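Protein chains in written order, with numbering that gives the first Met the number 0: chain A, 0 to 177; chain B, 0 to 202. We put the CB at the ideal spot given by N, CA and C, even for glycine. Predicted model only: the values in this text are computed from it and were never measured. The structure appears right after this line, and notes come after that.
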Amino acid sequence: MTSDEQGEIKRSMQGDHEAFESLVRRHQRMIYALAYRMSGSAADAEDLTQDTFVRAHQQLDSFRADSKFSSWLYRIAMNHCLNWRDRVSRRNQLHTRWQVENTNNNVPDAETNPALTQHVNDALQKLPSKQRAAIVLTIYDGLSHAEAARVLDCSETTVSWRLFVARRKLKSLLRSHE
Amino acid sequence: MKPRTDDELDQLLKQANVPERPEDFWEQLPRQVTVQIRRQSKEQGTIVNKSPRFDLMDWALGMGVVAVVCVMTLLLQRGLVTQLAADPVVLAAKCFSEAEEMFPNQIQAIVFDASGTRMILSEKADMPASPPLYLKICGPEGCQEVVTFSGQQVRVNGDVCDVLTDAAGNVIVAGDHLIWSSHSVGNKTGVYRIEARQIHRSS
Numbered sequence: 000m001t002s003d004e005q006g007e008i009k010r011s012m013q014g015d016h017e018a019f020e021s022l023v024r025r026h027q028r029m030i031y032a033l034a035y036r037m038s039g040s041a042a043d044a045e046d047l048t049q050d051t052f053v054r055a056h057q058q059l060d061s062f063r064a065d066s067k068f069s070s071w072l073y074r075i076a077m078n079h080c081l082n083w084r085d086r087v088s089r090r091n092q093l094h095t096r097w098q099v100e101n102t103n104n105n106v107p108d109a110e111t112n113p114a115l116t117q118h119v120n121d122a123l124q125k126l127p128s129k130q131r132a133a134i135v136l137t138i139y140d141g142l143s144h145a146e147a148a149r150v151l152d153c154s155e156t157t158v159s160w161r162l163f164v165a166r167r168k169l170k171s172l173l174r175s176h177e
Numbered sequence: 000m001k002p003r004t005d006d007e008l009d010q011l012l013k014q015a016n017v018p019e020r021p022e023d024f025w026e027q028l029p030r031q032v033t034v035q036i037r038r039q040s041k042e043q044g045t046i047v048n049k050s051p052r053f054d055l056m057d058w059a060l061g062m063g064v065v066a067v068v069c070v071m072t073l074l075l076q077r078g079l080v081t082q083l084a085a086d087p088v089v090l091a092a093k094c095f096s097e098a099e100e101m102f103p104n105q106i107q108a109i110v111f112d113a114s115g116t117r118m119i120l121s122e123k124a125d126m127p128a129s130p131p132l133y134l135k136i137c138g139p140e141g142c143q144e145v146v147t148f149s150g151q152q153v154r155v156n157g158d159v160c161d162v163l164t165d166a167a168g169n170v171i172v173a174g175d176h177l178i179w180s181s182h183s184v185g186n187k188t189g190v191y192r193i194e195a196r197q198i199h200r201s202s
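Here it is in structure tokens:
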């Protein structure tokens with residue numbers, strides 16, 4: 000964490016909104032990428048990203064300077080994405096069963112994504128959310144298993160196991176791509 | 000590319016980029032965040048600034064609840080509610096009320112079945128304050144009674160089902176092979192019989 004960032008955090012805690020906007024600018028692309036990979040939708044990723052930063056601001060007092068701000072943000076973002084995913088899953092199941100026209104916008108943005116990206120995205124969305132989280136954190140964001148375990152609040156062994164299972168599923172899903 | 004090894008898979012996954020956003024999106028996002036923060040701060044300010052009169056009411060309500068629990072406990076000890084206890088819904092509601100006193104906003108479900116009574120708690124006190132629901136599900140293996148909330152899940156014959164309520168207070172149980180609603184429209188429950196209703200918190 001740079002001294003600039005430390006200063007921004009301190010001033011944000013004191014109510015300086017411009018300092019917090021600087022923090023948002025510093026981390027917004029990282030959080031957006033995580034939210035997009037977890038949700039599969041650009042529109043949902045926007046909402047999730049904005050919500051993450053609002054929650055981070057609310058919880059600023061709980062941030063400990065001995066840890067990385069980005070890791071702390073990751074944790075907030077990932078928890079929010081996982082909870083969001085559970086709510087959407089329950090709502091979508093109910094819509095299907097009662098044959099209500101489902102107007103949810105969780106369809107990936109196929110118009111701007113090439114076919115391969117779309118296929119990978121589809122495969123990722125078929126994973127259970129915690130397995131997807133392990134893939135996103137380690138393969139896309141480059142976290143170690145230990146760092147991912149801290150973000151996901153689970154053991155390193157659990158992360159390793161989820162990765163193993165997720166990779167196996169993804170290989171199977173992606174092998175079927177023509 | 001059909002990935003066979005972990006390395007091949009990782010390479011393939013990394014080829015899937017996050018769609019680009021226009022620059023003005025990144026310029027506006029920080030401001031949108033702080034606008035939302037200011038809005039929420041304003042809303043929270045109207046709740047936090049309670050008058051002493053409301054504080055007194057909260058205290059009085061709290062004492063009232065404690066008094067009711069004490070009376071219920073005494074009545075139970077003296078066997079004066081045995082008639083009430085014969086009604087399973089009342090019994091379940093009472094059990095829930097007592098459990099909620101010990102674990103406020105943490106109870107996900109209380110299950111009553113042949114193996115006894117089990118309580119399922121959330122790790123944090125973050126359960127919503129929605130009305131508790133009583134469910135009775137009877138099948139070939141016997142009956143299971145549950146006190147839970149809209150948004151939770153129950154297991155019926157190995158099938159995980161969502162428990163939901165609609166705006167009219169009707170209870171819906173929905174799984175991969177089962178659909179049931181308390182207002183009996185389009186129910187598909189097979190060999191299972193389901194009863195459900197909202198119950199009232201301690202009173």
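Per-residue DSSP class, three states only, for residue i
i, result
"E100 of chain B", "helix"
"I138 of chain A", "helix"
"F62 of chain A", "coil"
"I109 of chain B", "strand"
"Y133 of chain B", "strand"
"M118 of chain B", "strand"
"I198 of chain B", "coil"
"V89 of chain B", "helix"
"A109 of chain A", "Here the model assigns A109 of chain A a pLDDT of 44, short of 50, so the residue's position is not dependable, and the following value carries that caveat. In this structure, A109 of chain A counts as coil in the three-state DSSP scheme."
"G179 of chain A", "Any property of residue 179 of chain A remains undetermined from this structure, which presents chain A solely from 0 to 177."
"A132 of chain A", "helix"
"L126 of chain A", "coil"
"Q10 of chain B", "helix"
"S149 of chain B", "coil"
"G17 of chain B", "Just to set this straight, residue 17 of chain B is Val in the shown sequence, not Gly. In this structure, V17 of chain B counts as coil in the three-state DSSP scheme."
"S154 of chain A", "coil"
"V53 of chain A", "helix"
"V47 of chain B", "Model confidence at V47 of chain B stands at a pLDDT of 42, short of 50, so the residue's coordinates are unreliable; what they give is reported in the following sentence. The answer is helix: DSSP assigns V47 of chain B an H, G or I state."
Contact set between residue i and chain D, taken where Cβ atoms lie within less than 8 angstroms
i, result
"R166 of chain A", "Judged by its chain identifiers, the structure shown contains no chain D, and its protein chains are A and B."
Presumed contact (8 angstroms Cβ cut-off) between residue i and residue j, rounded CB distance
i, j, result
"D158 of chain B", "Q152 of chain B", "Contact flag wrong, Cβ pair sits at about 10 angstroms."
"S121 of chain B", "Q105 of chain B", "5 angstroms"
"Q39 of chain B", "V53 of chain A", "7 angstroms"
"M37 of chain A", "R167 of chain A", "With 8 angstroms as the limit, M37 of chain A and R167 of chain A do not qualify as a contact, their Cβ atoms being about 20 angstroms apart."
"L47 of chain A", "W71 of chain A", "In fact, because the Cβ distance is near 17 angstroms, the residues do not count as touching under 8 angstroms."
"L134 of chain B", "I178 of chain B", "The Cβ separation is near 14 angstroms, so there is no contact."
"T164 of chain B", "Q107 of chain B", "So it is not a contact: roughly 16 angstroms between Cβ atoms."
"V89 of chain B", "L132 of chain B", "That pair is no contact at about 15 angstroms."
"L12 of chain B", "K170 of chain A", "The Cβ separation is near 10 angstroms, so there is no contact."
"A15 of chain B", "N120 of chain A", "6 angstroms"
"A133 of chain A", "L172 of chain A", "Not a contact, Cβ separation roughly 16 angstroms."
Chain-ordered neighbours of residue i on chain B, where CB pairs are closer than 9 angstroms
i, result
"R174 of chain A", "K1, P2, R3"
"L115 of chain A", "M0, L11, Q14, A15"
"Q49 of chain A", "L28, Q31, V32, Q35"
"I138 of chain A", "L8, D9, L12, K13"
"R24 of chain A", "W25, E26, L28, P29"
Residue i: contacting residues in chain B (beta-carbon distance under 8 angstroms)
i, result
"Q253 of chain A", "Nothing can be reported for residue 253 of chain A, as the shown portion of chain A is limited to 0 through 177."
"H16 of chain A", "T33, I36, R37"
"K170 of chain A", "P2, R3, L8"
"E20 of chain A", "P29, R30, V32, T33"
"A32 of chain A", "V17"
"V53 of chain A", "V32, Q35, I36, Q39"
"V119 of chain A", "L11, L12, Q14, A15"
Interface partners of residue i on chain B, CB under 7 angstroms
i, result
"H56 of chain A", "I36"
Review point. Which residues, in chain order, does the region 26-38 of chain B contribute to contact with chain A at a C-beta distance below 9 angstroms?
Key: Flagged, chain order: E26, L28, P29, R30, Q31, V32, T33, Q35, I36, R37.
**Study point:** Under 7 angstroms (Cβ pairs) to chain B, residues found in the region 70-82 of chain A
**Key:** Within the region 70-82 of chain A, no residue has a Cβ lying closer than 7 angstroms to any Cβ of chain B.
Check your understanding: Should the region 132-140 of chain A be regarded as contacting the region 157-164 of chain A, the criterion being three or more beta carbon pairs within less than 8 angstroms?
Key -> Proximity of the region 132-140 of chain A to the region 157-164 of chain A meets the contact definition, three or more beta-carbon pairs being nearer than 8 angstroms.
Check your understanding: Are three or more beta carbon pairs between the region 27-38 of chain B and the region 17-33 of chain A nearer than 8 angstroms?
Key -> Because the criterion of three Cβ pairs below 8 angstroms is met, the region 27-38 of chain B and the region 17-33 of chain A touch.
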